[in-house]
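Going by the numbering used here, the first residue of the sequence shown is number 15, and it counts up by one from there.
Built from N, CA and C at the ideal position, the CB exists for glycine as well.
Treat the numbers as computed from the prediction; the structure is a model and nothing was measured.
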Amino acid sequence: KNNKKRRNSAIKNVQKIVNKLVSIYMSREKAYREKIPPVKDESTFINEFEYLETAGQINAWEDIKKDLLSSVPMDRLICGDVGFGKTEIAMRAAYRYASNSKKTIILAPTTLHNHLHLLSLSFQNKLQLIPLHLSPSHF
15 KNNKKRRNSA
25 IKNVQKIVNK
35 LVSIYMSREK
45 AYREKIPPVK
55 DESTFINEFE
65 YLETAGQINA
75 WEDIKKDLLS
85 SVPMDRLICG
95 DVGFGKTEIA
105 MRAAYRYASN
115 SKKTIILAPT
125 TLHNHLHLLS
135 LSFQNKLQLI
145 PLHLSPSHF
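In structure tokens, the structure reads:
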């Protein structure tokens, strides 16, 4: 009897979560975002990547480019092991946004991670290619 009550309660809670998620996604589909087109120097920025791109990076960037050309707000999470180029993909998207005069931010999960990005020579070299104001901040 007690298990049945807990089961029914769990089902109700799951249904509430599902309903909320459906509502969120329906409102996102109705939302509008400006399309973010490629910029002329984008290929130069991308070609400065000093490593061979993985198939995962290529696929992720292709998906993101499609997202950026859509008027539906992007909802994408890039996952991968350490050292497999997630930051490079994020920098490409940020570059396109910033080059289209949009405010851009790159977040990392920890302060240490942020510092490592800023201290990284490859990150610094790529950032020097950008004729934009960069303002690292710490929270």
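Contact criterion: CB-CB distance below 8 Å. Does residue i meet it with respect to chain B?
{"i": "Asp81", "result": "Reference to chain B is not applicable here, since this structure consists of a single protein chain."}
Looking only at its own chain, which residues have a Cβ that is under 6 Å from the Cβ of residue i, when we skip the five neighbours before and after it?
{"i": "Phe153", "result": "Low local confidence applies: a pLDDT of 47 at Phe153 is under 50, so the model's placement there is unreliable, with the coordinate-based value given in what follows. The answer is none, since no qualifying residue turns up."}
{"i": "Asp55", "result": "none"}
Determine whether the beta carbon atoms of residue i and residue j lie at a separation below 8 Å.
{"i": "Ala107", "j": "Ile78", "result": "yes"}
Assuming residue i contacts residue j (C-beta within less than 8 Å), just tell me the rounded distance between them.
{"i": "Gln71", "j": "Ile103", "result": "6 Å"}
Give the range of the alpha helix (DSSP H) segment to which residue i is assigned.
{"i": "Glu67", "result": "Element bounds for Glu67: n/a, residue is neither H nor E."}
{"i": "Ile60", "result": "56-61"}
{"i": "Thr101", "result": "100-113"}
{"i": "Arg47", "result": "Neither: Arg47 is in no alpha helix (DSSP H) and is coded neither H nor E."}
Leaving out five residues on either side along the sequence, give the residues of the same chain with a beta carbon under 7 Å from the beta carbon of residue i.
{"i": "Val53", "result": "Arg110, Ser113, Asn114"}
{"i": "Asp81", "result": "Met88, Arg90"}
Excluding five sequence neighbours on each side, which residues of the same chain lie with their C-beta closer than 8 Å to the C-beta of residue i?
{"i": "Phe98", "result": "Thr68, Gly70, Gln71"}
contact_flag[the segment 21-37, the segment 85-95] where n(CB pairs < 8 Å) is 3 or more
Counting C-beta pairs closer than 8 Å gives fewer than three between the segment 21-37 and the segment 85-95, which falls short of the contact rule.
Tell me whether the segment 44-55 and the segment 114-123 touch, counting them as touching only if at least three CB pairs, one residue from each stretch, are closer than 8 Å.
Taking a contact to require three or more Cβ pairs closer than 8 Å, the segment 44-55 and the segment 114-123 qualify as touching.
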